[in-house]
DNA sequence: GGTCTTTTTGCCATTTTATTGCATTTTTAC
DNA sequence: GTAAAAATGCAATAAAATGGCAAAAAGACC
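Chains as they are written, first to last, in our numbering: chain A, 1010 to 1150; chain B, 1010 to 1150.
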């Protein structure tokens, strides 16, 4: 498991420890599925304490992403989705074309194809497009 | 190689053959890299003939995607990106975190991880996040 | 704890990307 | 050529994200 001391992780990254950053990081770390900024806001709104402004959420996520505590996923939806960076095993992302939901799946790390010269790879992401159980049941067949 | 008879492919998909659909499909098929709707519009604007409205481009892409002639990629950028569906060899997508550009790379098809029951996979996409040669040179090191 | 400096936040306005409604035009079948 | 169905253009609207700036909070120092 990862160190759940979010304030320390933020301080170690060289930033100020603010309520918004801690709340956003905790929210993303506590969630199974990657969330959009608005989904983070919704969840924080249901928690005790003051709710940060939407713009603050965006900026907190931006800062967390720039400092490697959170990462943005490749998605087909309109809104960006983020997940906390944990050192759990590698995983892929399933994305439902029906409801747009994204969820993590355990998966071995895929092989890295050769890149053009001068290019550097920093991360490899496997995205499985398809239909989730609920959406499949909902489609007329 | 693929059949370049775009009107026929559109008719075979069960739709009307319109100038906008043919132009959008041809544009995407003629381009190395996946394009955003606005990039498609830019390119069509530089071509001879009447330029379709932006909304028409959106709707043409939507129709083409719904009928399997075009597909939307998983991206981290703000705008959606599309590529023509060709039966060329499988490929991955490289996405530069500097300039946001997306390009195709030849790559073997990645293994499909097991899915939760009830889920169906329709496509697997491999996304390599990193820096392109130009952006890497631009970053201070 | 009090004071100072720097960073972050909240609010408002704005931009970018995408979607909807509806009258007009185009496509296709006959 | 004509009629029915579908697609388009235009204007308005929605959704997601960003920028500017004054007020507030965090951290460093005493």
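From the three backbone atoms N, C-alpha and C, an ideal C-beta is built for every residue, glycine too.
Taking 8 Å as the line, does the beta carbon of residue i fall inside it for any heavy atom of the ligand NAD?
i	result
residue 1140 of chain A	Ligands displayed in this structure: none; no statement on the ligand NAD is therefore possible.
Go ahead and pull the three-state DSSP assignment for residue i.
i	result
residue 1092 of chain B	strand
residue 1115 of chain A	strand
residue 1132 of chain B	strand
residue 1124 of chain B	coil
residue 1105 of chain B	strand
residue 1023 of chain B	coil
residue 1139 of chain A	strand
residue 1149 of chain B	Note that residue 1149 of chain B scores a pLDDT of 49, beneath 50, so its modelled location is shaky; the value from the coordinates is reported in the next line. Coil, per DSSP.
Report, in whole angstroms, the separation of the C-beta atoms of residue i and residue j, which I expect to be a contact under 8 Å.
i	j	result
residue 1114 of chain A	residue 1101 of chain A	5 Å
residue 1127 of chain B	residue 1142 of chain A	3 Å
residue 992 of chain B	residue 1106 of chain B	This structure cannot speak to residue 992 of chain B, because chain B is shown only from 1010 to 1150.
residue 1033 of chain A	residue 1057 of chain A	About 16 Å; that fails the 8 Å criterion.
residue 1080 of chain A	residue 1091 of chain A	7 Å
residue 1042 of chain B	residue 1110 of chain B	7 Å
Return the CA-CA distance between residue i and residue j, expressed in angstroms with no decimal places.
i	j	result
residue 1037 of chain B	residue 1037 of chain A	36 Å
residue 1028 of chain A	residue 1051 of chain A	16 Å
residue 1119 of chain A	residue 1129 of chain A	16 Å
residue 1099 of chain A	residue 1117 of chain A	6 Å
residue 1087 of chain B	residue 1071 of chain B	17 Å
residue 1073 of chain A	residue 1145 of chain A	35 Å
residue 1084 of chain B	residue 1124 of chain A	18 Å
residue 1112 of chain A	residue 1065 of chain B	33 Å
residue 1013 of chain B	residue 1026 of chain A	57 Å
residue 1044 of chain B	residue 1030 of chain B	15 Å
residue 1021 of chain B	residue 1053 of chain B	24 Å
residue 1023 of chain A	residue 1015 of chain A	13 Å
residue 1104 of chain B	residue 1059 of chain A	37 Å
residue 1063 of chain B	residue 1046 of chain B	8 Å
residue 1082 of chain B	residue 1121 of chain A	19 Å
residue 1131 of chain A	residue 1096 of chain A	16 Å
Is the Cβ of residue i closer than 9 Å to any Cβ of chain A?
i	result
residue 1043 of chain B	no
residue 1055 of chain B	no
residue 1103 of chain B	yes
residue 1089 of chain B	yes
residue 1084 of chain B	yes
residue 1022 of chain B	no
residue 1142 of chain B	yes
residue 963 of chain B	No statement about residue 963 of chain B is possible, as the shown extent of chain B runs from 1010 to 1150 and does not include it.
residue 1071 of chain B	no
residue 1137 of chain B	yes
Using a Cβ-Cβ cut-off of 9 Å, state whether residue i counts as contacting chain B.
i	result
residue 1110 of chain A	no
residue 1119 of chain A	yes
residue 1098 of chain A	no
residue 1150 of chain A	At residue 1150 of chain A, the pLDDT of 49 sits below 50, so the modelled position is not reliable and the matter cannot be decided from this model.
residue 1131 of chain A	yes
residue 1078 of chain A	no
residue 1114 of chain A	yes
residue 1147 of chain A	no
residue 1095 of chain A	no
Hey, which unbroken runs of the alpha helix (DSSP H) at 4 residues or more fall wholly within the region 1056-1090 of chain A?
-> Taken in chain order, the unbroken stretches of alpha helix (DSSP H) that lie wholly in the region 1056-1090 of chain A and span 4 residues or more are 1063-1075.
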